[in-house]
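Data first, discussion second: the structure below is written as structure tokens.
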Amino acid sequence: MHSTHREMEILDELKVSGSCRIQDLARRLDVSEETIRRNVKKLAGRGLVRKVHGGVYLPDAVQEAPFAQRMDENPDAKRLIAGQLARMIKNGDSLILDIGSTTAYVARALRGHHDLFVVTNSVAVAQMLATRNNNRVFMAGGELRAHDAGAFGREAINFVRQFSVQYAVLSAAAIDAETGFMLFDLQEAEFSREILQHAESSIIAADATKFGRRAPVRIEDPSVVDTLVTDAPPPADVAGFLGEAGVNVVVAEPAEQ
Numbered sequence: 023m024h025s026t027h028r029e030m031e032i033l034d035e036l037k038v039s040g041s042c043r044i045q046d047l048a049r050r051l052d053v054s055e056e057t058i059r060r061n062v063k064k065l066a067g068r069g070l071v072r073k074v075h076g077g078v079y080l081p082d083a084v085q086e087a088p089f090a091q092r093m094d095e096n097p098d099a100k101r102l103i104a105g106q107l108a109r110m111i112k113n114g115d116s117l118i119l120d121i122g123s124t125t126a127y128v129a130r131a132l133r134g135h136h137d138l139f140v141v142t143n144s145v146a147v148a149q150m151l152a153t154r155n156n157n158r159v160f161m162a163g164g165e166l167r168a169h170d171a172g173a174f175g176r177e178a179i180n181f182v183r184q185f186s187v188q189y190a191v192l193s194a195a196a197i198d199a200e201t202g203f204m205l206f207d208l209q210e211a212e213f214s215r216e217i218l219q220h221a222e223s224s225i226i227a228a229d230a231t232k233f234g235r236r237a238p239v240r241i242e243d244p245s246v247v248d249t250l251v252t253d254a255p256p257p258a259d260v261a262g263f264l265g266e267a268g269v270n271v272v273v274a275e276p277a278e279q
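Each residue of the sequence shown is one higher than the one before, counting from 23 in our numbering.
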């Protein structure tokens with residue numbers, strides 16, 4: 023098969039899903055992963071796709087990459103943000119954590135804390151914090167989604183309504199100066215809106231690549247968010263927008279050695 027034909031097949035696959043892992047493309051097209059990487063490199067060179075570690079997506083994709091792929095994107099920034107946020111949370115505090123990849127890094131950074139009261143709809147978060155250091159972890163019920171092992175729907179919403187915690191820790195897929203905080207998924211946005219109502223303080227954890235991007239679903243009016251923890255100062259227009267909404271922007275710094 024000529025490479026141009028294979029490149030067209032790769033593009034056809036991406037037009038359906040928006041993004042895909044290299045190994046999945048190789049399996050679907052019955053070729054080696056190295057062959058897929060070579061073709062993806064050519065497509066990326068022509069600006070037709072974008073590469074991330076272990077995967078590829080269309081530049082104008084209207085959906086978010088799979089959870090495992092997002093965990094591999096900007097890991098240093100996410101670790102920095104998670105470390106900063108973990109220093110804001112004390113032993114014995116109560117919090118709700120959502121399904122985002124940055125939130126999963128926050129859960130990882132909290133593994134040294136003890137006596138936490140944690141509510142989550144994320145299996146990844148629950149696995150990291152449950153059965154350790156006298157933590158109490160409450161996991162939302164319902165069917166788990168295949169691509170991120172998150173629980174959503176009426177069961178998850180009704181579950182979190184039982185709690186009142188100190189912190190709601192959320193992720194965002196995009197932040198701009200017109201809409202504020204956005205996500206790609208309507209169910210995720212519904213869950214985010216609900217947990218904002220059940221916390222004394224709300225924190226969004228998002229790296230600087232989210233600035234200036236757009237996604238189709240608005241989370242909530244930015245004025246209901248107390249703090250944004252990120253790894254670099256936002257652009258002037260975004261900073262001004264967030265400032266007017268009363269959002270405190272915290273730029274993460276490395277922990278003192």
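A virtual CB, placed ideally from N, CA and C, is assigned to each residue, including glycine. All values derive from a computational prediction rather than experimental measurement.
Taking one beta carbon from each stretch, the stretch 145-161 and the stretch 235-248 have fewer than 3 pairs nearer than 8 Å; the two do not touch. Proximity of the stretch 133-148 to the stretch 246-253 falls short of the contact definition, fewer than three beta-carbon pairs being nearer than 8 Å.
The closest CA to that of Tyr189, considering only Ala211, Glu212 and Gln219, is found on Gln219. Taking the Cα positions, Ile217 is about 9 Å away from Leu119. Residue pairing by DSSP places Leu119 opposite Thr142 and Val191 in a beta bridge. Assignment of beta-bridge partners to Asp198 by DSSP yields Gly202.
Taking C-alpha positions only, Val147 is separated from Leu117 by approximately 12 Å. Per DSSP, the continuous alpha helix (DSSP H) segment holding Glu177 begins and ends at Arg176 to Val182. Looking only at Arg130, Asp115 and Gly175, the smallest Cα-Cα distance to Asn143 is reached by Gly175. Counting only residues of its own chain and dropping the five nearest sequence neighbours on each side, Phe213 has a CB closer than 8 Å to the CB of Asp120, Ile121, Asn143, Phe174, Ala178, Ile179 and Val182. Taking 8 Å as the cut-off, the Cβ atoms of Leu80 and Val74 do not count as close. Straight across, the Cα-Cα distance linking Glu266 with Arg215 is about 20 Å. A direct Cα-Cα distance of roughly 19 Å separates Val53 from Ala66. Beta-bridge annotation (DSSP): Met161 is paired with Thr142. Straight across, the Cα-Cα distance linking Ala129 with Ala104 is about 8 Å.
Annotation note: the stretch 210-267 contains the following uninterrupted alpha helix (DSSP H) runs of length 4 or greater, listed N- to C-terminal: 258-267. In the displayed model, Asn96 falls within coil according to three-state DSSP, outside both helix and strand.
Counting along the chain, the unbroken alpha helix (DSSP H) around Gly67 starts and ends at Glu55 to Gly67. According to the DSSP assignment, Arg49 belongs to the alpha helix (DSSP H) that extends over Ile44 to Leu51.
Beta-carbon to beta-carbon, Glu29 and Arg50 are separated by about 14 Å, too far to satisfy the 8 Å threshold.
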